[in-house]
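Residue numbers in the sequence shown follow this note's numbering, run continuously in steps of one, and reach 1019 at the last position.
In what follows, a structure is listed as structure tokens, so that the remarks can point back to it.
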Amino acid sequence: MSWKQWFLKTGFGERSLVLFLLLAYPLLGMLWHHEYPIFSIEVFVLFGCFGLLAGLVATLLQPCRWLVVNFLLVTVLTLVLLIHSNFLLIGILTVFASSLVLSLLLREKFPLILMVVMAALITGAFFDNRIDRARNAPQLETTPVLARQGPLIHIVVDGFIGPDGLPQSAESQNLRSEMLDFFAAHDFQVHTRAYTHYNNTTDSLTRAFNFRNDDENIFQSIVMLREAISIPENAWFQALSDHGYPIIVYQTEAVNFCDSSAVDYCKVFAIPNLKTIHTGVANIATRTTVLLRTLLGQSVIISELLQNSLSIGNWGVSTYDKRLLSTLTQDVQLRPDGAYFAHILIPHSPLVYRQDCSLDYDSESWLRFTATTGLIGNSVETRARRYARFVPHAQCALRELGNLFRVLQEQGLYQQATILVHGDHGTSAFNYSPVVENMENLRYRDLREMYSALYAVKLPGGTAGLNHQTASLNVLLAQTLTEITGKSKQQLGISVTTEEEPFIYLSGVSPLAQMYVDIFTRNSEESNTEE
Ligand SMILES: [Zn+2]
């Protein structure tokens, strides 16, 4: 018989097509979600591989009866679900069992029906991701400029260590001077010894925005099954809203601030910033591999299973999207009376930006992270090498802020603007990780790398200055709120405890420890060696 007859009669076309659709579905969903260019060589390579694989499997299945074919399809379908959903294993097994029953009932009709379902899902994913993109809400409405107040701009620069938390090395001290000069030139008050009591983003920001310093349920935020981290209670937003500001939020998918009832308007940006792979990596093989790894890494279960062999997800795709701040910059001009909040994942790792904010994916991937996970994050040598990447990356963050400030100045909005820029924790470039198990080894250097945070604030008509007192983020935010609103802490209902002594919490397997320590104390022994 001719190949056409063979093709139709053996069901080769149908079998390979349905397998291909099964493989293509999660990849397409991911690409659309990240607005990755579909018509690029690396995507063609991946689809080519999927096509070959589907054809090969379909050929091998030629002599098999529909029962075997159906069983394979159901298995692939289960794998697809593993990649593309947050289902628990039990849920996946349920789907597997019911699909198997369905395949027995439908017999040779099953592949055909599956093909139609997959095609429908792909179409759905296309439109769904259109909706996804529409999370970027419609254009902000312009208000007539009779604004009784200037804009309030509040930017959390994730992982930006404070000036006095930086090590003594020449490059770090250079960054310190650059930070101080930058904020002085823009009329900021810089608290050089600001710090957080907590060593992760969620605990740090949840407490800071609610003016708290307790240890209730802290370090419980290990995210299972990609459940988004959310900060629904936000006393800071509420107070600003009560003061008359519309609250406008720009966030990534990493932490959700928009669950707060005070938020009026919300824009969300996808992470990781997958498109930077397309623009920043020259090697097609690397691009293809990174896409595949990111795809597999989307599944909690698959990345758990493959963690030891492949270290999936640790390649280090950027989590900072320049559009986040550039959109905010445009919007402030439309509505100069709003309170704009942005959470940006820079200078947070992966460390992929050069000082001039061009992409640098040439490094070995471990250098893109400030520490290795585990009890020991760095040796003295690896910490130095990673810092050499952190410093230009942090300089890029300053550059991005500078672009925003320049536009505000050009628009004549800078003088009257209230601007708050702060971090949530340090670089995390510690040698010993801040856990109870490391109590004996921990040095002040490690604590500064973890708990020191940038805090800089500019009030309307404010003047530059430095404050060298050790103070926690929640106390500083409460202080700033009284300055913005002109109300006392009592009037604002802030019951933040007066913190007479600085302290931090250590996490770990053992019961967590509260350590009364001023992390900015430098002991003589360290200053000669580690610093
Ligand atoms: Zn963070």
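Don't be surprised by glycine CBs; every beta carbon is placed ideally from N, CA and C.
For clarity, every value in this text was computed on a predicted model and none was experimentally measured.
A859 to V778 span [Cα, whole Å] | The residue you call residue 859 lines up with position 371 of the sequence shown. The residue you call residue 778 lines up with position 290 of the sequence shown. For A859 and V778, the distance between alpha carbons rounds to 21 angstroms.
Just the Cα atoms here: how many angstroms apart are S718 and Y920?
-> Walking along the sequence shown from the start, residue 718 turns up at place 230. Walking along the sequence shown from the start, residue 920 turns up at place 432. The alpha-carbon of S718 is positioned some 29 angstroms away from that of Y920.
Alpha carbon to alpha carbon, how far is L590 from L555?
-> Position 102 of the sequence shown, counted from the first residue, corresponds to residue 590. Position 67 of the sequence shown, counted from the first residue, corresponds to residue 555. L590 and L555 have their C-alpha atoms spaced approximately 11 angstroms apart.
Opposite H679 in the DSSP bridges: which residues?
-> Position 191 of the sequence shown, counted from the first residue, corresponds to residue 679. H679 is bridged to N955.
Span of the alpha helix (DSSP H) holding A941?
-> Counting from 1 along the sequence shown, the entry for residue 941 is found at position 453. Per DSSP, A941 belongs to no alpha helix (DSSP H) and is neither H nor E.
What residues does ligand 1 have around it, judged by CB closer than 6 angstroms to any heavy atom, in chain order?
-> D646, G647, T689, H836, D912 and H913
Can you name the residues that DSSP bridges to A1001?
-> In the sequence shown, the residue the question calls residue 1001 occupies position 513. Answer is L994, bridged to A1001.
Using 10 angstroms around the beta-carbon of G785, count the other beta-carbons present and answer buried if the total reaches 16, otherwise exposed.
-> As a working note, residue 785 is residue 297 in the sequence shown. When all chains shown are included, G785 counts as buried.
Rounded straight-line distance, which links the Cα of S587 to that of L594 | For the purposes of this step, residue 594 is taken as residue 106 along the sequence shown, with counting starting at 1. For the purposes of this step, residue 587 is taken as residue 99 along the sequence shown, with counting starting at 1. About 10 angstroms.
Inspect the beta-carbon positions of G862 and E925 and report whether they are closer than 7 angstroms.
-> The count along the sequence shown starts at 1 and reaches residue 862 at position 374. The count along the sequence shown starts at 1 and reaches residue 925 at position 437. No, they are not a contact pair.
Who are the near neighbours of L534 in its chain, counting only those whose CB is closer than 8 angstroms to its CB and skipping five residues on each side?
-> Position 46 of the sequence shown, counting from 1, holds the residue named residue 534. Closer than 8 angstroms at Cβ, skipping near neighbours: L515, T776, L779 and L780.
Since I believe L994 is in contact with A696 (beta carbons under 8 angstroms), could you give me their beta-carbon distance rounded to a whole number of angstroms?
-> Numbered from 1 along the sequence shown, position 208 holds the residue referred to as residue 696. Numbered from 1 along the sequence shown, position 506 holds the residue referred to as residue 994. The pair is not a contact, with the Cβ atoms about 19 angstroms apart (cut-off 8 angstroms).
So P734 and A830 are in contact, right, with Cβ under 8 angstroms, and what is the actual spacing, rounded?
-> In the sequence shown, the residue the question calls residue 734 occupies position 246. In the sequence shown, the residue the question calls residue 830 occupies position 342. That pair is no contact at about 15 angstroms.
Would you mind sorting G517 into buried or exposed? The rule is 16 or more other CB atoms within 10 Å of its CB.
-> The sequence position of residue 517 within the sequence shown is 29, counting from 1. Buried, since its Cβ has 16 or more Cβ neighbours within 10 Å.
Within the same chain, show all residues whose beta-carbon is closer than 8 angstroms to that of L663, passing over the 5 residues directly before and after it, in chain order.
-> Stepping through the sequence shown from its first residue, residue 663 is reached at position 175. The beta carbon of L663 is closer than 8 angstroms to those of L654, V879, A882 and Q883 in its chain, skipping five residues each way along the sequence.
The beta strand (DSSP E) enclosing L640, as first and last residue numbers | One-based indexing of the sequence shown puts residue 640 at position 152. Start and end: L640 to V645.
Secondary structure at L812, three-state DSSP: helix, strand or coil?
-> Numbered from its first residue, the sequence shown carries residue 812 at position 324. If DSSP states are grouped into helix, strand and coil, L812 belongs with the helices.
Report the three-state DSSP secondary structure of V568 (helix, strand or coil).
-> Within the sequence shown, residue 568 is the residue found at index 80, counting from 1. It is helical.
L942 versus H679: straight-line alpha-carbon distance, rounded | As a position in the sequence shown, residue 942 is number 454, starting the count at 1. As a position in the sequence shown, residue 679 is number 191, starting the count at 1. For L942 and H679, the distance between alpha carbons rounds to 7 angstroms.
Distance, Cα to Cα, M712 vs S787?
-> Working through the sequence shown from its first residue, we reach residue 712 at position 224. Working through the sequence shown from its first residue, we reach residue 787 at position 299. Unreliable placement is indicated for M712, whose pLDDT of 47 sits below 50; the coordinate value is still reported in the next sentence. Those two C-alpha atoms are separated by around 11 angstroms.
Considering only C-alpha positions, which residue in the set Q957, E971 and A872 is nearest to S660?
-> Taking the first residue of the sequence shown as position 1, residue 660 is located at position 172. Of Q957, E971 and A872, the residue nearest in Cα terms is A872.
For S976, does the count of other Cβ atoms within 10 angstroms reach 16, so buried, or fall short, so exposed?
-> Residue numbering aside, residue 976 sits at position 488 when the sequence shown is read from its first letter. When all chains shown are included, S976 counts as exposed.
Measuring alpha carbon to alpha carbon, tell me which of P948, R503, E530 and Q739 ends up nearest T807.
-> Here residue 807 refers to the residue found at position 319 when the sequence shown is read from its first residue. Among P948, R503, E530 and Q739, the Cα nearest to that of T807 is on Q739.
For N722, verify whether its CB is less than 6 angstroms away from any heavy atom of ligand 3.
-> Summarising the ligand content, the structure contains ligand 1 and does not contain ligand 3.
Q897 in three-state terms, based on DSSP = By 1-based counting over the sequence shown, the position of residue 897 is 409. Correct three-state label for Q897: helix.
DSSP on Y686, reduced to helix/strand/coil?
-> Within the sequence shown, residue 686 is the residue found at index 198, counting from 1. Y686: coil per DSSP, three-state reduction.
Short Cβ contact (7 angstroms threshold) for F671 with A944 | The sequence position of residue 671 within the sequence shown is 183, counting from 1. The sequence position of residue 944 within the sequence shown is 456, counting from 1. Yes, these two residues count as a Cβ contact at 7 angstroms.
First and last residue of the alpha helix (DSSP H) that includes K763?
-> The sequence position of residue 763 within the sequence shown is 275, counting from 1. Unbroken alpha helix (DSSP H) run through K763: K763 to G768.
Going by other Cβ atoms of all chains shown within 10 Å of its Cβ, with 16 needed for buried, is H836 buried or exposed?
-> As a working note, residue 836 is residue 348 in the sequence shown. Buried, by the Cβ-count rule.
When the Cα atoms are used, what is the spatial distance from A917 to F893?
-> As a position in the sequence shown, residue 917 is number 429, starting the count at 1. As a position in the sequence shown, residue 893 is number 405, starting the count at 1. Their backbone Cα atoms lie some 29 angstroms apart in a straight line.
Quick one: any contact between the stretch 501–515 and the stretch 550–564, if contact means 3 or more CB pairs under 8 angstroms?
-> The stretch 501–515 makes contact with the stretch 550–564: 3 or more CB pairs, one atom from each, lie closer than 8 angstroms.
Three-state secondary structure (DSSP) at T547?
-> Working through the sequence shown from its first residue, we reach residue 547 at position 59. Looking at T547 - three-state DSSP - the assignment turns out to be helix.
DSSP puts A827 in a beta bridge; with which residues?
-> Residue 827 sits at position 339 when you count from the first residue of the sequence shown. In the DSSP output, where bridge partners are listed per residue, A827 has L640 and I735.
Would you call L576 buried or exposed, if buried means 16 or more other Cβ atoms sit within 10 Å of its Cβ?
-> Your numbering for residue 576 matches position 88 in the sequence shown. It is exposed - the Cβ of L576 has fewer than 16 other Cβ atoms within 10 Å.
Sequence ranges, beta strand (DSSP E) only - wholly within the stretch 845–926, length at least 3 | 906–910
List the endpoints of the continuous beta strand (DSSP E) containing K975.
-> Against the sequence shown, residue 975 aligns to sequence position 487. From DSSP, K975 is part of no beta strand (DSSP E); its letter is neither H nor E.
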